[in-house]
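Read in order, the letters of the sequence shown are residues 23 to 239 in the working numbering.
We put the beta carbon where it would ideally sit given N, CA and C, even for glycine.
These numbers come from a predicted model, not from an experiment.
Reviewing the structure listed below.
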Amino acid sequence: MKYIEFDSSKKYDLILLGRIAVDLNPVDYYCPLNESTTFKRYLGGSPANIAVGLARLGKKCGFFARVSDDQFGTFVTDFFEKEGIDTSRVKRCENGEKIGLTFTEIKSETESSIVMYRNEAADLKLEASDIDEEYIKQSKALLISGTALCESPSREAALKAVMLAKRNSVPIIFDIDYRAYNWKNDDEISIYYSAVAREADIILGSREEYDLTEKLI
Numbered sequence: 023m024k025y026i027e028f029d030s031s032k033k034y035d036l037i038l039l040g041r042i043a044v045d046l047n048p049v050d051y052y053c054p055l056n057e058s059t060t061f062k063r064y065l066g067g068s069p070a071n072i073a074v075g076l077a078r079l080g081k082k083c084g085f086f087a088r089v090s091d092d093q094f095g096t097f098v099t100d101f102f103e104k105e106g107i108d109t110s111r112v113k114r115c116e117n118g119e120k121i122g123l124t125f126t127e128i129k130s131e132t133e134s135s136i137v138m139y140r141n142e143a144a145d146l147k148l149e150a151s152d153i154d155e156e157y158i159k160q161s162k163a164l165l166i167s168g169t170a171l172c173e174s175p176s177r178e179a180a181l182k183a184v185m186l187a188k189r190n191s192v193p194i195i196f197d198i199d200y201r202a203y204n205w206k207n208d209d210e211i212s213i214y215y216s217a218v219a220r221e222a223d224i225i226l227g228s229r230e231e232y233d234l235t236e237k238l239i
């Protein structure tokens with residue numbers, strides 16, 4: 023069995039690339055969303071939550087991302103900085119794109135749903151020119167979120183990061199992070215998921231996500 027080796031001399035334990043969002047959960051539980059009046063704000067997005075979890079375990083993380091140039095963008099960067107996550111590669115959007123918002127509806131202990139707003143989402147505006155090879159070289163590993171592959175220009179940014187990680191022998195972790203609303207069809211999903219999966223050292227996903235990745239292989 024071949025084991026993955028992580029270079030302990032690197033500055034960062036993990037650099038992540040992908041979705042940062044804001045979640046708004048109701049304080050008044052057990053009623054429809056249209057009747058909820060008070061919400062509590064949380065950081066959202068799978069890679070963002072992974073970064074926070076690792077930071078709270080004492081790990082040093084960095085992040086490639088775009089966020090909105092507004093109060094929610096400030097909330098995200100402030101939150102990261104308070105957790106000790108490097109934000110030097112978290113950039114503000116320049117054309118009014120907004121950070122993704124998720125509202126949670128909690129009707130009972132067993133019934134819940136979400137309403138998402140992701141038109142022109144800020145995280146999908148990450149550009150290939152935002153990806154810094156020297157930054158990647160400083161990390162023990164790179165994590166790519168599958169959400170970043172659903173649309174250009176973040177798709178190209180993610181693929182560039184993968185290429186640079188491979189060139190510098192930085193292990194790649196692929197978090198498939200499938201969200202149906204992001205994609206046009208299954209073929210598109212398989213094309214881009216499999217492109218990253220082939221290069222990844224670790225793949226995180228469910229059986230459904232693996233099947234989508236392997237559809238055209």
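Thinking C-beta only, is residue 217 closer than 9 Å to residue 41?
no
Count the CB pairs spanning the segment 142–160 and the segment 47–59 that are closer than 8 Å, and state whether there are at least three.
no
Less than 9 Å between the beta carbons of residue 193 and residue 226, yes or no?
Not closer than 9 Å, so no.
CA-CA distance, residue 210 and residue 152?
24 Å
Here's the rule I'm using: 16 or more other beta-carbon atoms within 10 Å means buried, otherwise exposed. How should residue 88 be labelled?
buried
Please report the residue range of the beta strand (DSSP E) in which residue 240 lies.
For residue 240 there is no data in the structure shown, the boundaries of the chain being 23 and 239.
Start and end of the beta strand (DSSP E) containing residue 48?
Where residue 48 is concerned, the enclosing beta strand (DSSP E) starts and stops at 43–48.
Are there 16 or more other CB atoms within 10 angstroms of the CB of residue 203, so buried, or fewer, so exposed?
exposed
With a cut-off of 8 Å on the beta carbons, I'd call residue 176 and residue 199 a contact; round off their distance for me.
That belief does not hold up - the Cβ atoms of residue 176 and residue 199 are roughly 13 Å apart, past 8 Å.
Taking DSSP as the reference, what is the three-state secondary structure of residue 161?
strand
Apply the 10 Å Cβ neighbour rule to residue 112 and answer buried if 16 or more other Cβ atoms are within range, or exposed otherwise.
buried
With a threshold of 16 other CB atoms inside 10 Å of the CB of residue 59, please say whether the residue is buried or exposed.
exposed
By alpha-carbon positions, which one of 134, 82, 229 and 181 ends up nearest to residue 33?
For residue 33, the nearest C-alpha among the options comes from 82.
Note down, in chain order, each residue of its chain lying with its Cβ closer than 6 Å to the Cβ of residue 142, except the 5 sequence neighbours on either side.
Leaving aside the five residues that flank residue 142 on each side, the residues in its chain whose CB is nearer than 6 Å to its CB run, in chain order, 119.
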